[in-house]
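Undergrad: Numbering (the UniProt record's numbering), first residue to last: 1 to 426.
Built from N, CA and C at the ideal position, the CB exists for glycine as well.
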Amino acid sequence: MLTHEQRFGDHWRFYGKAWVGTSELTQRVANPAVPPQPQPTVTNIQDARFRYVGTDLRLRHDFGPGDTFTFGTVLYHSDAPLRGANYTNLLARAMPPAACPRWCRGGIPTTPRCSPAACSLRAAASLAHRALAAARSRKVSVFETVRPPNLSRPLLNTTVSRTVPLFGLGIGNDFFDHGHLNETYFNVSTGWRPVRYFDIGSPHANIIPGTAPAVQKVLSYELGVHGTPVDGLFYDASVFWMDFHNRIETINLSPIVSIEQNSGDTHNEGFEGELAYDFLHGDANGEHLEAFVNLQLLHARFVASAIPNQVGKPPAYSPRHLAKAGVTWRRDGHYKLAFTGVFSGSQYWQDSAQDQPGVGGTVLLPALIPAYSVWDFAANWNLAPRVELLGGVSNVFNRVYYSRVWTYGIEPALSRTWYAGFKLSL
Numbered sequence: 001m002l003t004h005e006q007r008f009g010d011h012w013r014f015y016g017k018a019w020v021g022t023s024e025l026t027q028r029v030a031n032p033a034v035p036p037q038p039q040p041t042v043t044n045i046q047d048a049r050f051r052y053v054g055t056d057l058r059l060r061h062d063f064g065p066g067d068t069f070t071f072g073t074v075l076y077h078s079d080a081p082l083r084g085a086n087y088t089n090l091l092a093r094a095m096p097p098a099a100c101p102r103w104c105r106g107g108i109p110t111t112p113r114c115s116p117a118a119c120s121l122r123a124a125a126s127l128a129h130r131a132l133a134a135a136r137s138r139k140v141s142v143f144e145t146v147r148p149p150n151l152s153r154p155l156l157n158t159t160v161s162r163t164v165p166l167f168g169l170g171i172g173n174d175f176f177d178h179g180h181l182n183e184t185y186f187n188v189s190t191g192w193r194p195v196r197y198f199d200i201g202s203p204h205a206n207i208i209p210g211t212a213p214a215v216q217k218v219l220s221y222e223l224g225v226h227g228t229p230v231d232g233l234f235y236d237a238s239v240f241w242m243d244f245h246n247r248i249e250t251i252n253l254s255p256i257v258s259i260e261q262n263s264g265d266t267h268n269e270g271f272e273g274e275l276a277y278d279f280l281h282g283d284a285n286g287e288h289l290e291a292f293v294n295l296q297l298l299h300a301r302f303v304a305s306a307i308p309n310q311v312g313k314p315p316a317y318s319p320r321h322l323a324k325a326g327v328t329w330r331r332d333g334h335y336k337l338a339f340t341g342v343f344s345g346s347q348y349w350q351d352s353a354q355d356q357p358g359v360g361g362t363v364l365l366p367a368l369i370p371a372y373s374v375w376d377f378a379a380n381w382n383l384a385p386r387v388e389l390l391g392g393v394s395n396v397f398n399r400v401y402y403s404r405v406w407t408y409g410i411e412p413a414l415s416r417t418w419y420a421g422f423k424l425s426l
């Protein structure tokens with residue numbers, strides 16, 4: 001990532017950012033061997049590569065006391081080829097990057113897909129603390145070269161474009177309490193969830209071509225207050241209301257044919273709060289010892305749906321409560337140590353809120369993901385003005401838990417993991 005900032009006189013400032021990256025995800029999947037089922041005889045290995053490039057360009061003009069006008073654009077492009085093959089050798093391993101693709105070494109191709117790509121454009125203009133107007137446009141293409149043998153639909157070669165106008169409005173009122181600044185605030189804004197690759201063509205389903213859904217939109221309101229009532233103490237408390245329209249869900253037209261369709265709406269309401277205190281506030285050496293806790297309480301439900309008996313159920317991955325707490329010890333420009341924990345309530349992993357059945361009336365995958373908590377430790381140390389060492393431990397107490405589920409099985413969370421690295425600023 002490269003960033004650039006430049007001033008033009010006393011009132012104009014330019015911000016530029018450009019980034020490029022790539023990552024790869026390899027998965028192996030076999031039919032679950034749950035008694036009385038026999039052991040699997042075939043394993044599927046899938047490779048997903050993610051390549052992306054983007055830029056963010058903004059120009060800001062400061063005028064008057066606390067007034068700012070900003071306008072700019074964001075350009076983004078990504079592609080994510082997905083390839084897969086079935087093997088009768090259950091011990092099949094990944095080939096080296098320079099080696100021949102797996103499916104040319106004995107595997108049966110199942111989901112090679114070339115050039116799923118997305119382009120995104122965002123243009124926006126805003127007045128700080130007051131209003132925002134923006135337009136977002138996204139183009140998604142899917143080109144498929146191999147159809148899995150269990151599907152009957154034709155090969156996919158399709159492109160979908162969507163453009164959405166957005167707006168936001170925020171109002172704040174500052175007030176002082178014995179010389180300490182506090183603020184009440186209210187904002188209303190619109191958002192969207194772009195159409196994704198699998199919304200227009202899943203490699204695992206008989207999705208009818210040409211049935212791409214419309215954009216999923218959201219309208220949100222928030223009312224709150226935050227500030228510093230005493231030295232070293234910060235608080236923020238707000239209530240929110242969010243309406244999601246045109247939710248995208250899978251509609252089964254028959255046991256083997258489905259479409260991705262805008263099927264209904266959901267409504268979210270809740271509370272968010274944060275409390276933080278710096279025990280070393282005002283230290284002459286720039287040291288800080290901060291303890292913090294934040295909490296989200298959520299009530300989410302379907303209020304409309306084309307799926308029978310869906311109204312009233314909670315949407316997937318919407319826990320009733322989510323909390324984070326921790327302690328941070330840092331010295332400005334020198335080091336930072338943080339010990340933080342996340343606490344999540346139980347949640348459903350699919351909108352139906354139903355168990356995934358197994359053979360003979362058994363439950364293969366429970367509908368509810370159990371509540372869990374996990375603690376992490378992270379440390380940063382500035383070796384030089386532009387060089388920073390990074391390190392830490394994820395899942396310090398080696399908790400066994402999971403937070404993601406797919407139709408073919410549970411995705412266990414990582415056990416205790418150590419990491420180290422460095423950051424170089426140019």
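Within its chain, find whatever has a CB closer than 7 Å to the CB of S415; leave out the 5 residues flanking it on each side and keep chain order.
TA: N395 and N398.
Undergrad: Given a cut-off of 8 Å on the beta-carbon distance, is the pair G286 and L322 in contact?
TA: No.
Undergrad: Is it right to say S115 is buried, meaning 16 or more other beta carbons lie within 10 angstroms of its own, or is it exposed?
TA: Since pLDDT at S115 reaches only 47, below the 50 mark, its modelled position is unreliable, and no value is offered.
Undergrad: For H226, which of P165, G358, F167 and D177 has the nearest alpha-carbon?
TA: Nearest C-alpha to H226: D177.
Undergrad: Taking the alpha helix (DSSP H) that Y197 belongs to, which residues open and close that run?
TA: That run of the alpha helix (DSSP H) goes Y197 to I200.
Undergrad: Report yes if the CB atom of N187 is closer than 8 Å to the CB atom of G201, and no otherwise.
TA: Contact flag unset, no.
Undergrad: With distances taken Cα to Cα, identify the nearest neighbour of E222 among D199, G270 and W406.
TA: Considering only alpha carbons, the answer is G270.
Undergrad: Nearest to P38 by alpha carbon, out of V359, S189, W381 and T417?
TA: Taking only the C-alpha atoms, the option nearest P38 is V359.
Undergrad: For the structure I just gave you, are there three or more beta carbon pairs, one from the segment 275-293 and one from the segment 302-311, closer than 8 Å?
TA: Touching, no, given that fewer than three Cβ pairs across the two stretches are closer than 8 Å.
Undergrad: Go through its chain and collect everything with a Cβ distance to P213's Cβ below 8 Å, but skip five positions before and after it.
TA: Correct list, in chain order: V195, D199, N246, I248, E260, Q261 and N262.
Undergrad: By Cβ distance, which residues of its chain are closer than 7 Å to T88, with the 5 residues on each side in sequence left out?
TA: The answer, listed in chain order, is T41 and V42.
Undergrad: With the cut-off set at 8 Å, would you say H281 and P229 are in Cβ contact?
TA: Going by C-beta atoms, H281 is not nearer than 8 Å to P229.
Undergrad: P314: which of L57, R301, G326 and F339 sits nearest, CA to CA?
TA: The shortest C-alpha separation from P314 is found at R301.
Undergrad: Which class does V396 belong to by DSSP, given the choice of helix, strand or coil?
TA: Looking at V396 - three-state DSSP - the assignment turns out to be coil, as it is neither helix nor strand.
Undergrad: Using alpha carbons as the reference points, say which of L298, G191 and E183 lies closest to F240.
TA: Among L298, G191 and E183, the Cα nearest to that of F240 is on L298.
Undergrad: Distance, Cα to Cα, R330 vs W381?
TA: Going by the C-alpha atoms only, they are around 10 Å apart.
Undergrad: By DSSP, does G84 sit in helix, in strand, or in coil?
TA: G84: strand per DSSP, three-state reduction.
Undergrad: In chain order, what residues of the same chain lie with their CB nearer than 6 Å to the CB of V374, ignoring the 5 residues before and after it?
TA: Cβ within range, chain order: V342, N395 and R399.
Undergrad: Give the DSSP-derived three-state secondary structure of V327 in the structure shown.
TA: Residue state, collapsed to three classes: strand.
Undergrad: Based on Cα-Cα distance, which residue from Y197, L219 and G172 lies nearest to L166?
TA: Answer by Cα proximity: L219.
Undergrad: Which ranges does the beta strand (DSSP E) cover as unbroken runs of at least 3 residues, wholly within the segment 336-360, from first to last along the chain?
TA: As far as the segment 336-360 is concerned, it has no whole beta strand (DSSP E) run of at least 3 residues.
Undergrad: Am I right that Y348 and A371 are in contact with their C-beta atoms under 8 Å? What's the rounded C-beta distance?
TA: Actually they are not in contact, since the Cβ atoms of Y348 and A371 sit about 13 Å apart, beyond 8 Å.
Undergrad: Are the CB atoms of W192 and V160 within a distance shorter than 8 Å?
TA: No.
Undergrad: Return helix, strand or coil for F279, following the three-state DSSP convention.
TA: Coil at F279, not helix or strand.
Undergrad: How would you write the range of the beta strand (DSSP E) that K217 sits in, first residue to last?
TA: First-last of the beta strand (DSSP E) with K217: Q216 to G227.
Undergrad: Considering only DSSP beta bridges, list what D10 is partnered with.
TA: In the DSSP output, where bridge partners are listed per residue, D10 has none listed.
Undergrad: Are G9 and I45 closer than 8 Å when you measure CB to CB?
TA: Contact flag unset, no.
Undergrad: Starting from the Cα of A80, find the closest Cα among F14, M1 and P203 and give me that residue.
TA: If we check each option's Cα against that of A80, P203 comes out closest.
Undergrad: Once you ignore the five residues that flank N268 on each side, which residues in its own chain have a CB closer than 6 Å to its CB?
TA: M242 and A300, listed in sequence order.
Undergrad: Kindly list the residues whose CB is nearer than 7 Å to the CB of P357, restricted to its own chain and excluding five residues on each side of it in sequence; keep chain order.
TA: The residues are V363 and L364.
Undergrad: What three-state label does DSSP hand R386 in the structure shown?
TA: Of the three classes helix, strand and coil, the one that applies to R386 here is coil, per DSSP.
Undergrad: Can you list, in chain order, the residues of its chain with a C-beta nearer than 6 Å to that of P412? Leave out the 5 residues immediately preceding and following it.
TA: Around P412: Y402.
Undergrad: Where does V374 fall in DSSP's three states?
TA: Strand, per DSSP.
Undergrad: When you compare each of G64, D332 and V293 to N385 by their alpha carbons, which one comes out closest?
TA: The sequence shown places Pro at residue 385, rather than the Asn named in the question. Among G64, D332 and V293, the Cα nearest to that of P385 belongs to D332.
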